[in-house]
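These notes concern the structure reproduced below.
Residue numbers (full-length UniProt numbering): 1 to 164.
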């Protein structure tokens, strides 16, 4: 069912969500493994990078066209809450997870940039270059900090406020 690559699932509300290189988002029942839905959206082609909101009510998926999809995880059908606005990351294929903290969605790229979006509506807040290489990880803390590592060996601590 899945094409080979780094496909990292997220789970919430009894469902497992995956975004794979074949551009499908797949949702499985956590208990039975049965398919709930599988969708290939030609206008919002997902690939590998996926994440979940702090409250587990939203799944975020990065598209190959440089947008973020927010999918409602509280319903059993595919329901898009919002598609990011204000900036286009360009062609993207980073498998690093998208993370949310304090109402801000942090998105890694393969170009060494972090993008921040407002979790409530997908509005672009800011971007920051860490490196020229792929972002490995974004770790937000309760102290308003982000620890970010990149493929070139950099580890950076950023101070962010509650609005991103």
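Every residue gets a Cβ at the ideal spot worked out from N, C-alpha and C, and that includes glycine. Owing to the predicted nature of the structure, the values given are computational and were not obtained by experimental measurement.
- Under a 10 Å Cβ-count criterion, residue 18 is classified as buried, with 16 or more other Cβ atoms of the shown protein chains found around its own Cβ.
- With contacts defined by Cβ atoms closer than 8 Å, residue 51 and residue 60 form a contacting pair.
- Annotated as proximal: residue 135 and residue 112, with beta-carbon spacing under 8 Å.
- Within the same chain, and ignoring the five residues on either side of residue 65 in sequence, no residue has its Cβ closer than 6 Å to its Cβ.
- Secondary structure of residue 141 (DSSP, three-state): coil.
- Boundaries for residue 79: no beta strand (DSSP E) harbours it, and the DSSP string shows neither H nor E there.
- With a contact defined as Cβ atoms closer than 8 Å, residue 94 and residue 109 qualify at about 6 Å.
- Looking at the DSSP output, residue 85 shares a beta bridge with 123.
- When rounded, the separation of the alpha-carbon atoms in residue 156 and residue 132 is 13 Å.
- Residue 15 places its beta carbon less than 8 Å from that of residue 29.
- Here residue 51 is bridged, per DSSP, to 60 and 98.
- Counting along the chain, the unbroken beta strand (DSSP E) around residue 156 starts and ends at 155–159.
- About 4 Å separates the beta carbon of residue 125 from that of residue 116, a gap short enough to meet the 8 Å contact definition.
- Relative to the Cα of residue 97, the nearest Cα in the group 63, 142, 143 and 83 belongs to 63.
- DSSP places residue 21 in the coil class of the three-state scheme, outside both helix and strand.
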